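Using the numbering used here, read the sequence shown as starting at -16 and increasing by one per residue.
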Amino acid sequence: MNYATDVNEKASAGNACFRHKAFSPILCLILSLLFFSVSPSVFADRISYDAEKLKVLVEGTDDPDIVTITEVAIDQLRVSISTSGQVESQLFNIADVTVIVVGGKGGDDEILNSTGVSMTADGHAGNDKLSGGRGDDFLVGGTGDDQLLGNDGNDFLSGGEGKDIIIGGAGNDGLYGGLDNDSMEGGAGDDLLNGDDGDDIMSGSDGLDKMFGGAGADYIKGGGGKDTVDGGAGDDVIEGGDDGDILIGGLGDDTISGDVGDDVMEGGDGRDSMNGGLGNDVLAGGPGNDILAGLDGNDHLSGNDGNDGLDGGFGNDQLFGGAGDDNLVGGGGNDLLRGGSGADFLFGGGGGDSLYGEADNDRLDGDIIDPVLDGGEGENEISTDHSPVRFGIVANPANDPFSSDEDIFRAFEKAKTIANQVSLFFSFRAQDRMPDLLDAMDVVAQLGMSTIIQVGVQFLGQPNPPTDIPATFADETTRALYLDNVRSLAEKFPKTMVLSPEVNFMYWINRQEFELFATLYQEAYALVKEVSPQTDVGISFHYTLFRGCEQFAMLDALGPRDFLGITTYPIWLIDKGIIGSIEEYPPEWWSWLRWAYPNEKIIITEMGFPNSRNSTQEAQAAFVRRLPELMSGLKPESVNWTLLSNVTFYDPAALSQETLNFLLDVGVNPDILMGRLNNMGMHSHSGTPKLSWFEALKIKYDWEDVPVGPPGPLGVLTTNPADLPPICSQFDVSE
-16 MNYATDVNEK
-6 ASAGNACFRH
4 KAFSPILCLI
14 LSLLFFSVSP
24 SVFADRISYD
34 AEKLKVLVEG
44 TDDPDIVTIT
54 EVAIDQLRVS
64 ISTSGQVESQ
74 LFNIADVTVI
84 VVGGKGGDDE
94 ILNSTGVSMT
104 ADGHAGNDKL
114 SGGRGDDFLV
124 GGTGDDQLLG
134 NDGNDFLSGG
144 EGKDIIIGGA
154 GNDGLYGGLD
164 NDSMEGGAGD
174 DLLNGDDGDD
184 IMSGSDGLDK
194 MFGGAGADYI
204 KGGGGKDTVD
214 GGAGDDVIEG
224 GDDGDILIGG
234 LGDDTISGDV
244 GDDVMEGGDG
254 RDSMNGGLGN
264 DVLAGGPGND
274 ILAGLDGNDH
284 LSGNDGNDGL
294 DGGFGNDQLF
304 GGAGDDNLVG
314 GGGNDLLRGG
324 SGADFLFGGG
334 GGDSLYGEAD
344 NDRLDGDIID
354 PVLDGGEGEN
364 EISTDHSPVR
374 FGIVANPAND
384 PFSSDEDIFR
394 AFEKAKTIAN
404 QVSLFFSFRA
414 QDRMPDLLDA
424 MDVVAQLGMS
434 TIIQVGVQFL
444 GQPNPPTDIP
454 ATFADETTRA
464 LYLDNVRSLA
474 EKFPKTMVLS
484 PEVNFMYWIN
494 RQEFELFATL
504 YQEAYALVKE
514 VSPQTDVGIS
524 FHYTLFRGCE
534 QFAMLDALGP
544 RDFLGITTYP
554 IWLIDKGIIG
564 SIEEYPPEWW
574 SWLRWAYPNE
584 KIIITEMGFP
594 NSRNSTQEAQ
604 AAFVRRLPEL
614 MSGLKPESVN
624 WTLLSNVTFY
634 DPAALSQETL
644 NFLLDVGVNP
654 DILMGRLNNM
664 GMHSHSGTPK
674 LSWFEALKIK
684 YDWEDVPVGP
694 PGPLGVLTTN
704 PADLPPICSQ
714 FDVSE
């Protein structure tokens, strides 16, 4: 066999498939296999020349070779090969060379071309480095962990077996990963990337790129330009980047983000999570239970088969549930919601929305400005009765050692009959439960409720990391783990993230750690805004401690925030004798916050009474009765009820028969009430009805006409610390 002739034909055909826009990864792979099936050992000399074909041929050895191709004059190039210190070099006229063919054979080879002459090279066995020049190069890594760089020109690069790094550079390039986990970057130009097998990392950079993940759990990012991405089989993460992209998840449970531009997204088979980002996007779920979020823009969302959760976000959106029991939330704007078949829940949100339940028994939740509320076939429930706030419950699934995920998820289904959001609490120390929390976030979204995430990074003023890393925010390991947790949670696109619940305990007890955390919080805030721009980010503080000890400087020290989050437990006021009972709470006790911060969004992240150890059922009932008065003028965006049910702090209302029935119904043992789904008591022990928190907050009263201003007792601002309650200087919280 004439090696030079065979190489000429196969290499020319391989390069032509890119130059003529007819690139096929399979075709080019076949060409490369045909070409390199010929052993380089047929070379008569290590460097030879085929005058008829204008080819320079370089034969490597089984040892590590270094092959360099450089321009030494305006019309000459030098080809050199160095093996074990032995160097062979020849000069050629550039006009007499159309291609340079290099066979690396064995060893860890370096094959470097810095000229405008095209090169065809195969590293064969070993961990090789291949670098093309300014021409159209054809590079194959072979077996081993190789590095391939096309540089300028329309190049074809194939990694072969091994964990390869492949970079196309400028030009319209074709990149083929081959087996194992590869890293691929197209560079400038209209590139085509095929990951094939393995968990690959792929990015397209500028240009109109086409990327195919193939088998494996791939990470694919389009970058600039109108890109086409198909994740293929496996659980893929796909990001479209700038401009309008076509993003297809393929088989597996995929996570797809459109980012900027008018994107078209299809989840394919599996349980997919998609968000359109900015622009007017089209999202289609495909088979499986999918989560679709339009975010900004006028979006078109289709759940198709499966029990899907659709959230239009901002803009005038169109949502179609398709088959299955779907939850559709229009969000802001004038939206169109169609449930399709199955028992669907439709919530219009802000704006003038049109809701159509269509087939089966649906639940429609609109308001009086929505022009159409049509339940369709089946026995439907239609409601237009809204209060000014969103209601939720607080759950701690990631820290519950007793209840299964199924128990918690079934409880969420029951909770959505009275709530439209769930606040999920995650302890920084409980790293092994992060997967449970992420699953819970998916379930909440599929049920059509929004999610508030609370990251419990401290407890009573002390940092609360895992026990195997330093308990200080000065440590880089602790900080990095916290930021990694924040990123993982933000990638689920929650409505709200509380980056440290009741952070003022740390401000009160451990000022040094608070100052360290303040800088970490600022990093985390920026990180969330980068990953999920629509998520509201902030902290919460224990309102009684904040107000009673006038910790206003704390907020300025933390930096940016999207809301003020408060918890309402009156402990210390009662336990320390500042007040004797809930009846002694000053009128409009919480509304002072609205007076002090008139333009801030306020969220009650945890509402409950009391977590005093001397709590009684009667005290709980008294607290609920006073809610309308205490909340007068506060105008919170959302209220979330919690029950702290551990060994020393508990609400006896949880022991009511109603609550026990609730817990039994979701499979929870009533003898171990600590640490499970937090629930409100609805009745007294004797079964006598009492006013529930939800009923109290639903009472119709005029939010605007209630006088708002500094309350009386405990409401006078002072600049003299000596005039503050004694507890403000007492750091002992054990009593």
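Positions of the beta carbon are idealized from the N, C-alpha and C atoms, including for glycine. As the structure is a computational prediction, the values presented were derived from the model and not from experiment.
Local Cβ density within 10 Å of residue i, reported as buried at 16 or more and exposed below that
{"i": "residue 467", "result": "exposed"}
{"i": "residue 538", "result": "buried"}
{"i": "residue 241", "result": "buried"}
{"i": "residue 330", "result": "buried"}
{"i": "residue 254", "result": "buried"}
{"i": "residue 236", "result": "buried"}
{"i": "residue 57", "result": "exposed"}
{"i": "residue 151", "result": "buried"}
{"i": "residue 55", "result": "exposed"}
{"i": "residue 507", "result": "buried"}
{"i": "residue 535", "result": "exposed"}
{"i": "residue 222", "result": "buried"}
{"i": "residue 68", "result": "exposed"}
{"i": "residue 74", "result": "exposed"}
Reduced DSSP category for residue i - H, G, I as helix; E, B as strand; rest coil
{"i": "residue 432", "result": "coil"}
{"i": "residue 478", "result": "coil"}
{"i": "residue 445", "result": "strand"}
{"i": "residue 297", "result": "coil"}
{"i": "residue 492", "result": "helix"}
{"i": "residue 126", "result": "coil"}
{"i": "residue 159", "result": "strand"}
{"i": "residue 59", "result": "strand"}
{"i": "residue 514", "result": "helix"}
{"i": "residue 721", "result": "The shown model of the chain, from -16 to 718, leaves out residue 721, and the question about it has no answer."}
{"i": "residue 503", "result": "helix"}
{"i": "residue 551", "result": "coil"}
{"i": "residue 587", "result": "strand"}
{"i": "residue 485", "result": "coil"}
{"i": "residue 274", "result": "strand"}
{"i": "residue 267", "result": "strand"}
{"i": "residue 498", "result": "helix"}
{"i": "residue 96", "result": "strand"}
{"i": "residue 117", "result": "coil"}
{"i": "residue 324", "result": "coil"}
{"i": "residue 460", "result": "helix"}
Beta-carbon gap between residue i and residue j smaller than 8 angstroms
{"i": "residue 98", "j": "residue 122", "result": "no"}
{"i": "residue 243", "j": "residue 231", "result": "no"}
{"i": "residue 30", "j": "residue 93", "result": "no"}
{"i": "residue 169", "j": "residue 176", "result": "yes"}
{"i": "residue 719", "j": "residue 84", "result": "Nothing about residue 719 can be reported from this structure: the residues present for the chain run from -16 to 718 only."}
{"i": "residue 481", "j": "residue 452", "result": "no"}
{"i": "residue 226", "j": "residue 209", "result": "yes"}
{"i": "residue 446", "j": "residue 440", "result": "yes"}
{"i": "residue 542", "j": "residue 517", "result": "no"}
{"i": "residue 100", "j": "residue 86", "result": "no"}
{"i": "residue 207", "j": "residue 224", "result": "yes"}
{"i": "residue 259", "j": "residue 271", "result": "no"}
{"i": "residue 147", "j": "residue 160", "result": "yes"}
{"i": "residue 187", "j": "residue 205", "result": "yes"}
Pick from the options that is closest to residue i, judged by C-alpha positions
{"i": "residue 116", "options": "128, 168, 137, 110", "result": "137"}
{"i": "residue 282", "options": "237, 219, 303", "result": "303"}
{"i": "residue 428", "options": "225, 336, 309, 616", "result": "309"}
{"i": "residue 88", "options": "82, 66, 79", "result": "66"}
{"i": "residue 300", "options": "306, 284, 289, 288", "result": "284"}
{"i": "residue 153", "options": "64, 258, 139, 252", "result": "139"}
{"i": "residue 523", "options": "515, 246, 257, 551", "result": "551"}
{"i": "residue 125", "options": "291, 135, 90", "result": "90"}
{"i": "residue 493", "options": "458, 442, 194", "result": "442"}
{"i": "residue 82", "options": "73, 96, 180, 102", "result": "102"}
{"i": "residue 341", "options": "463, 326, 583", "result": "326"}
{"i": "residue 291", "options": "280, 321, 33", "result": "321"}
{"i": "residue 200", "options": "33, 233, 193", "result": "233"}
Could you tell me whether the segment 493 to 500 touches the segment 527 to 534, using the rule of 3 or more Cβ pairs below 8 angstroms?
no
With a cut-off of 8 angstroms, do at least 3 Cβ pairs link the segment 414 to 423 to the segment 285 to 302?
no
Meets three-Cβ-pair contact criterion under 8 angstroms: the segment 571 to 588 and the segment 459 to 477:
no
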